[in-house]
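All remarks here apply to the structure that follows.
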Amino acid sequence: MGKFVFKSLLMLIFLFVGVLIGMNKANQGMNDMRGYSDSSFQTPVNIQTTEEGSLNAAVLGNEFSSFNLDEKKEKLEKAKSFNFFSEIGKLVADVVSSIAQAVINFFASLF
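Position 77 of the sequence shown, counting from 1, maps to 82 under our numbering, and the rest follow consecutively.
In structure tokens:
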């Protein structure tokens with residue numbers, strides 16, 4: 006048992022060191038691919054809070070602003086868009102439910 010634990014820990018340490026070496030090589034590869042080493046390279050995600058208290062985020066240079074979920078829900082309700090697949094799904098669910106209920110009622114009436 007002790008021999009197994011020792012070998013397992015030794016393998017775990019070996020693999021962990023391998024992961025660290027791989028991360029270092031990946032970093033060097035990214036610097037080589039970029040062509041220069043720049044310590045002031047921009048972060049991919051930038052989040053800022055405005056004076057009004059809302060959040061503005063920029064992901065890879067594309068800006069996103071926070072929104073109110075209730076306002077978006079009201080806007081979608083006003084649009085009253087028709088989703089064909091949603092309606093078909095509701096219809097199929099109702100049919101399956103009614104058939105299952107009829108089968109259950111039939112077997113319940115036998116007993």
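Where a beta carbon is used, it is the ideal one built from N, C-alpha and C, also for glycine. Predicted model, so just to flag it, every value in this text is computed and none were measured.
If you look at G94, you'll find it in the alpha helix (DSSP H) that goes 89-115.
Look at E79 here: in three-state DSSP terms it is helix.
For S59, no alpha helix (DSSP H) run applies, since DSSP gives it neither H nor E. Pairing A84 with D75, the inter-Cα distance amounts to about 14 Å.
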